[in-house]
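> Have a look at this one.
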Amino acid sequence: LWPDTSDKENVNEQSQTFVIETYGKRLLFTGDIGKSSEESILNYFDIGKVDILKVAHHGSKNSSLKAFIENVSPEYAVISCGKNNHYGHPSPETIETLKENGCIIFETSKMGAIEVKLR
Numbered sequence: 015l016w017p018d019t020s021d022k023e024n025v026n027e028q029s030q031t032f033v034i035e036t037y038g039k040r041l042l043f044t045g046d047i048g049k050s051s052e053e054s055i056l057n058y059f060d061i062g063k064v065d066i067l068k069v070a071h072h073g074s075k076n077s078s079l080k081a082f083i084e085n086v087s088p089e090y091a092v093i094s095c096g097k098n099n100h101y102g103h104p105s106p107e108t109i110e111t112l113k114e115n116g117c118i119i120f121e122t123s124k125m126g127a128i129e130v131k132l133r
């Protein structure tokens with residue numbers, strides 16, 4: 015799905031973003047993209063509902079646009095971030111957006127490594 019080639023200044027916005035469909039499930043991986051890339055993806059692609067979302071940019075306040083989360087409507091959200099990181103990831107705003115959309119949230123900062131098994 016992403017990146018496009020227009021924003022070469024911001025390395026995070028050049029993160030690989032893709033959907034994997036396997037075992038009847040849809041997984042969306044968003045790398046470190048921010049809200050501007052999420053908005054562009056919404057404009058260019060009809061992703062639709064996914065089962066699992068790897069939340070963008072460690073759950074920072076600069077990602078997880080409400081409209082993006084509503085559009086992909088994940089059942090599960092996985093946030094990869096370090097425990098007690100100095101960035102404060104994940105942001106309370108991102109957690110709230112995910113909860114408002116009924117996501118079950120898994121955070122590496124609280125749980126350590128997260129293993130997903132699809133059957």
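Using my numbering, you'd call the opening residue of the sequence shown number 15 and step up by one each time. C-beta atoms are modelled at their ideal positions from N, C-alpha and C, and glycine is treated no differently. Note that the coordinates shown come from a computational prediction; the quantities given were computed from them, not determined experimentally.
Let's see if you can read the secondary structure: which residues bound the beta strand (DSSP E) around Phe43?
Counting from one through the sequence shown, the residue named residue 43 turns up at place 29. Its beta strand (DSSP E) spans residues 39-43.
> Closest by CA to Thr108, which one among Lys63, Leu67, Glu23?
Here the question's residue 108 lines up with position 94 in the sequence shown. That would be Leu67, whose Cα lies nearest to the Cα of Thr108.
> So what does DSSP say about Val86, is it helix, strand or coil?
Translated into positions along the sequence shown, residue 86 becomes position 72. Helix at Val86.
> Can you tell me whether Ala81 is helix, strand or coil according to DSSP?
Position 67 of the sequence shown, counted from the first residue, corresponds to residue 81. Reduced to three states, the DSSP call for Ala81 is helix.
> Measure the C-alpha to C-alpha separation of Val86 and Lys124 and round it to an integer number of angstroms.
Along the sequence shown, one-based indexing puts residue 86 at 72. Along the sequence shown, one-based indexing puts residue 124 at 110. Straight-line Cα distance between these residues: approximately 24 Å.
> Give the C-beta separation of Thr44 and Val69 to the nearest angstrom, bearing in mind that I take them to be a contact with Cβ-Cβ under 8 Å.
For the purposes of this step, residue 44 is taken as the residue at position 30 of the sequence shown. For the purposes of this step, residue 69 is taken as the residue at position 55 of the sequence shown. That belief holds up - the Cβ atoms of Thr44 and Val69 are roughly 7 Å apart, short of 8 Å.
> Among Arg40, Glu23, Ser51, which has the Cα closest to the Cα of Gln30?
As a first step, residue 30 must be located in the sequence shown, where it is residue number 16. Checked all of Arg40, Glu23, Ser51; the closest Cα to Gln30 is Ser51.
> Taking the straight line between their C-alpha atoms, what separation do you get for Phe32 and Leu41?
Working through the sequence shown from its first residue, we reach residue 32 at position 18. Working through the sequence shown from its first residue, we reach residue 41 at position 27. Approximately 8 Å between the Cα atoms of the pair.
> On the premise that Leu112 lies in contact with Ala127, defined as a C-beta separation below 8 Å, what is that separation, rounded to the nearest angstrom?
Translated into the one-based positions of the sequence shown, residue 127 becomes position 113. Translated into the one-based positions of the sequence shown, residue 112 becomes position 98. No, Ala127 and Leu112 are not in contact; Cβ-Cβ is about 20 Å, not under 8 Å.
> If the criterion is Cβ atoms closer than 7 Å, does the pair Ser78 and Gly48 meet it?
Start at 1 with the first residue of the sequence shown, and residue 78 comes out as number 64. Start at 1 with the first residue of the sequence shown, and residue 48 comes out as number 34. No, they are not a contact pair.
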